[in-house]
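Read through the structure below, which is laid out as structure tokens, and then see the notes.
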Amino acid sequence: MTYVPGDSIGVRCPNNPDVVTYFVRRLGIATDDLYIGCTVQSIKKNAASKSSGSSSNLPTTSLFQLLTHHYDLEAQVKKSTLRALATYCDVDSTDQRTLFVVDILRLFPTCRPPLASVLSLLPTLSPRYYSLASSPLSSQPHKVHIAFTIVEYDLPVVQGGTTTSRLLRRRGLCTSWLHALARPLLHPQTTPVNAEVAVQIPIFHHPTKDFTLPANPSYPLILIGPGTGVTPFVGFLQHRQLQRLKHVDDSESCGTWRGNHAVELVEHAFELGQIDLFFGCRHRHQDFLFQRHLDSFIHEGVLTHLHVAASREQAKHYVQHDVAAHGAAVYDLVARQGGYVYVCGDGMHMAKDVHAALVQVFVEHGHMTHQEAEVAWKDLALRQRYVRDIWG
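Going letter by letter, the sequence shown gives residues 1 to 392 in this note's numbering.
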């Protein structure tokens with residue numbers, strides 16, 4: 001796989017086997033019916049006539065394979081889905097917005113929709129994307145590294161406008177699956193490893209559009225990535241480190257031409273610009289991702305400054321607070337030295353808070369109005385000097 005720093009891979013994960021089993025039993029699907037050959041048909045609308053027509057270019061498969069790999073059984077319920085299910089049971093659309101279709105089947109025993117109706121309501125299972133913490137210049141370019149966190153939380157059930165004592169356990173679909181695959185390797189003492197069974201994870205290359213390093217390594221970089229948002233920046237730093245090493249190797253390999261003709265060499269120094277990383281976690285000693293790698297980058301002079309915001313060790317202290325605290329340096333690197341700013345991670349809250357902090361940095365240290373600062377950052381984004389890879 002040929003890739004550049006900033007790229008990611010897409011992982012196609014299956015549904016949880018326990019969820020598939022429950023779904024099959026709950027809808028009363030006979031075991032023999034699970035393995036009857038069937039074909040998926042997609043409905044396409046003609047833009048001109050608005051009429052529908054079906055087409056199918058997918059191979060024949062089985063219902064079991066479709067429930068395992070094609071349909072998202074744990075997709076969040078939409079209003080339209082709730083309205084459709086309401087014809088089979090008493091579901092209040094105002095209560096169940098955060099539930100999955102499989103949750104509706106659990107909470108409402110009388111709900112028995114036909115299989116065809118349920119399948120028509122389910123979206124397809126989307127791939128999950130993970131940034132690469134690797135450089136193609138490494139000694140093992142055929143290997144890539146990713147990072148993920150185990151997502152688990154309890155969700156209270158709301159019925160009739162009242163929060164009940166019932167809790168639904170939520171787990172990240174793909175991260176739970178990856179963790180289950182990795183557990184025998186991480187804990188071989190408690191989970192035996194079957195060396196005869198190869199672990200296969202369906203992946204594909206997902207190239208980035210603009211989340212790439214500038215070609216000139218002398219430009220300063222400001223990297224902002226709490227949690228797993230730091231992952232692509234490890235790839236960035238490793239790439240700069242290997243670029244510098246390669247430059248040294250190339251310069252040392254210079255010699256004389258055949259015949260002992262004198263060669264006049266013009267040495268071009270590899271100038272590495274300042275790189276500041278703003279990282280966030282809950283506890284330094286529990287979830288400081290890539291700490292050993294980052295310490296090594298600091299020691300070798302690839303990473304200039306590492307700012308760590310530990311939110312549970314300092315009251316409500318996050319990466320945006322460190323950005324504000326080092327506002328003068330941030331403004332100097334971006335506005336005066338032509339630096340690039342990269343943000344990676346949660347797009348629901350973090351990215352908005354970081355953007356607000358960056359705007360305020362320009363207001364305070366660039367003596368701009370809020371509107372002027374917003375325009376300045378918009379201009380940087382258009383010139384791909386302010387790039388974000390966010391999700392959520």
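Glycine included, each C-beta is placed from N, C-alpha and C at the ideal position. Owing to the predicted nature of the structure, the values given are computational and were not obtained by experimental measurement.
Could you check what DSSP says for residue i in three-state terms: helix, strand or coil?
i      : result
Asp7   : coil
Ala180 : helix
Gly392 : coil
His33  : Reading off the sequence shown, one finds Asp at residue 33, where the question assumed His. It is helical.
Glu152 : strand
Ser135 : coil
Asp72  : coil
Tyr331 : helix
Tyr22  : helix
Ser165 : strand
Phe233 : helix
Phe297 : helix
His321 : helix
Gly345 : strand
Ser393 : Not covered by the structure: residue 393. The range shown for the chain is 1 to 392.
Thr403 : There is simply no residue 403 to check, as the chain begins at 1 and stops at 392 in what is shown.
Ser80  : helix
Asp287 : coil
Cys281 : strand
Arg12  : coil
Cys111 : coil
Thr175 : helix
Arg385 : coil
Glu374 : helix
Met1   : coil
Arg312 : coil
His367 : coil
His206 : strand
Ile104 : helix
Leu358 : helix
His142 : coil
Nearest to residue i by CA position, among the options, is which residue?
i      : options                        : result
Thr149 : Gln76, Leu289, Leu73           : Leu289
Ala381 : Pro17, Met350, Asp210          : Asp210
Ile298 : Tyr340, Ser311, Val234         : Val234
Val334 : Val387, Pro123, Pro232, Trp177 : Val387
Ser139 : Leu245, Gly280, Val230         : Leu245
Thr308 : Phe23, His317, Ser80           : In the sequence as displayed, the identity of residue 308 is Val instead of Thr. Of the candidates Phe23, His317, Ser80, the one whose C-alpha sits nearest the C-alpha of Val308 is His317.
Gly273 : His293, Ala75, Gly339, His285  : Gly339
Asp332 : Leu294, Gln286, Asp276         : Asp276
Pro127 : Arg383, Val375, His69          : His69
Gln241 : Ser296, Gln384, Pro141, Arg26  : Ser296
Arg25  : Leu115, Leu82, Thr2            : Leu115
Asn15  : Leu306, Cys174, His179         : Cys174
Lys378 : Arg166, Leu82, Ile390, Val341  : Val341
Val199 : Cys13, Ile390, Met1, Ala324    : Cys13
His321 : Met350, Arg336, Gly301, Glu300 : Met350
Trp177 : Ile390, His285, Pro202, Ala215 : Pro202
Gln337 : Lys352, Ala182, Arg385         : Arg385
Leu306 : Lys79, Thr60, Gln291           : Gln291
Thr39  : Val11, Thr61, Leu27            : Thr61
Ser117 : Pro141, Tyr88, Asp103          : Tyr88
Phe180 : His285, Arg312, Pro17          : Per the sequence shown, the amino acid found at residue 180 is Ala instead of Phe. Residue Pro17 is the option with its Cα nearest to Ala180.
Val19  : Asp103, Ser80, Val11, Lys79    : Asp103
Ile390 : Leu27, Arg383, Gly229          : Gly229
Are the beta-carbon atoms of residue i and residue j separated by less than 9 Å?
i      : j      : result
Tyr129 : Ser8   : yes
Val101 : Leu85  : yes
Val4   : Leu213 : yes
Leu137 : Leu73  : no
Val359 : His370 : yes
Ile146 : Thr231 : yes
Leu63  : Tyr22  : no
Asn77  : Leu105 : Note on identity: in this sequence residue 77 is Val, with Asn being the wrong assignment. Cβ atoms of Val77 and Leu105: not closer than 9 Å.
His293 : Gln243 : no
Leu119 : Leu82  : no
Ala324 : Ala373 : no
Gly6   : Phe278 : no
Ala315 : Gly280 : no
Val151 : Arg170 : yes
His205 : Thr2   : yes
Val330 : Val361 : yes
Assuming residue i contacts residue j (C-beta within less than 8 Å), just tell me the rounded distance between them.
i      : j      : result
Pro220 : Glu271 : Going by Cβ atoms, the distance from Pro220 to Glu271 rounds to 11 Å, so no, they are not a contact pair.
His283 : Gly327 : About 26 Å separates the two Cβ atoms, so there is no contact after all.
Val144 : Ser134 : 5 Å
Thr155 : Leu167 : According to the sequence displayed, residue 155 carries Leu and not Thr. Leu155 to Leu167, Cβ: 7 Å. Contact.
Val319 : Val375 : 24 Å between Cβ atoms; not a contact.
| Between the region 28–36 and the region 103–110, do at least 3 Cβ pairs fall closer than 8 Å? | no
| task | Examine the Cβ distances between the region 338–357 and the region 217–232 and report whether three or more of them are shorter than 8 Å. | result | yes
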